[in-house]
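Residue numbers (the UniProt record's numbering): 1 to 296.
From the three backbone atoms N, C-alpha and C, an ideal C-beta is built for every residue, glycine too.
Okay, so here's the structure we're looking at.
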């Protein structure tokens, strides 16, 4: 049945029997046969067809969502069985929220590949809620998230690191030239360049505003941390960013941390898993996270 689901998912993703056949290295009649048998076994039609394309109907959407979870579980089971007799190798699907995924995770994966070259990582970057949901539905082996998210009973979480959030400006900004610490009033009068609502970084910024009783006069939203850094360097305003995200700019003298009473504030990062059974590849990765060599 897993092969039938695999063929079905490929057809659904390619929206075309011929393209799916090419992807699967099968003939088109063979692909059609797999779909027909699956629909007969489930006693429901899954695809709506026209001359060129196919698309999922409501039943097909339900089967597709569950097929991803079933195949993910089957693959994980096979990897666990393989681990009984082999060293750490095989696929490892990692998800991470933006700050960790973009500025820290690449260094950890490079270290892991040096030590364990047979591990094959794939990375998904998304917001905290998305990553936690992917883990819960077995579409990721592990997630690395920040901030708050809905914790389901079968999700296991472990806080493993803290990250300082600091106010940042360009080196030519008036606040950067001012001696000593700046006041809350100074901060409120600035143009703030922030991530969009719903991101972990924006949640941290809003918490700092509440803590310091700051009501910014002007806020400009950007959809990525890199865009925010470019905006700050151009003199557009100030921001609250992770120290992890600005290491290169601090070394090169492009950005400067603004000293403020009550800052920096620390936010926690957690790893999230959904199964007590871990492949050796996942165990190796978790151990690298816990060792914190990447913080040096």
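Going by beta carbon distance, what residues of the same chain come within less than 8 Å of residue i, once the five residues before and after it are set aside?
| i | result |
| --- | --- |
| residue 76 | 138, 141, 275, 277, 279 |
| residue 236 | 191, 193, 220 |
| residue 161 | 268, 269, 289, 292, 295 |
| residue 134 | 95, 124, 126, 140, 143 |
| residue 256 | 168, 169, 170, 171, 173, 176, 250 |
| residue 215 | 188, 209 |
| residue 105 | 94, 96, 123, 144 |
| residue 70 | 2, 5 |
Nearest to residue i by alpha carbon, out of the options?
| i | options | result |
| --- | --- | --- |
| residue 181 | 132, 261, 270 | 261 |
| residue 200 | 267, 228, 26 | 267 |
| residue 9 | 19, 68, 254 | 68 |
| residue 233 | 5, 252, 223, 19 | 252 |
| residue 174 | 164, 187, 163, 166 | 187 |
| residue 168 | 148, 247, 223 | 247 |
| residue 130 | 98, 217, 111 | 98 |
| residue 33 | 176, 255, 4 | 4 |
| residue 122 | 93, 115, 136 | 93 |
| residue 184 | 228, 163, 217 | 217 |
| residue 49 | 21, 17, 146 | 17 |
| residue 60 | 103, 13, 102 | 13 |
| residue 52 | 15, 229, 115, 105 | 15 |
| residue 102 | 258, 242, 287 | 242 |
In this structure, what does DSSP give as the bridge partners for residue i?
| i | result |
| --- | --- |
| residue 141 | Looking at the DSSP assignment, residue 141 forms no beta bridge with any residue, so it has no partner. |
| residue 221 | 194 |
| residue 158 | 271 |
| residue 165 | 242, 265 |
| residue 125 | 96 |
| residue 47 | 56 |
| residue 119 | 90 |
| residue 146 | 269 |
What residue does the alpha helix (DSSP H) around residue i start on, and which one ends it?
| i | result |
| --- | --- |
| residue 184 | 184-188 |
| residue 174 | 174-177 |
| residue 6 | 2-14 |
| residue 55 | Careful: residue 55 lies outside any alpha helix (DSSP H), inside the beta strand (DSSP E) at 54-56. |
| residue 280 | 280-291 |
| residue 32 | 28-42 |
Starting from residue i, trace the beta strand (DSSP E) both ways and give me its first and last residue.
| i | result |
| --- | --- |
| residue 257 | 255-258 |
| residue 96 | 90-96 |
Which same chain residues, not among the five before or five after residue i, have their C-beta less than 6 Å away from its C-beta?
| i | result |
| --- | --- |
| residue 225 | 245 |
| residue 1 | Residue confidence is low: residue 1 scores 49 on pLDDT, short of 50, so the model does not pin down where it sits. Its coordinate-derived value is still stated next. Answer for residue 1: no residue qualifies. |
| residue 90 | 79, 281 |
Return the Cβ separation of residue i and residue j in integer angstroms, given the expectation that the two are a contact with Cβ distance under 8 Å.
| i | j | result |
| --- | --- | --- |
| residue 284 | residue 119 | 7 Å |
| residue 265 | residue 157 | About 21 Å separates the two Cβ atoms, so there is no contact after all. |
Go through its chain and collect everything with a Cβ distance to residue i's Cβ below 7 Å, but skip five positions before and after it.
| i | result |
| --- | --- |
| residue 29 | none |
| residue 39 | 45, 46 |
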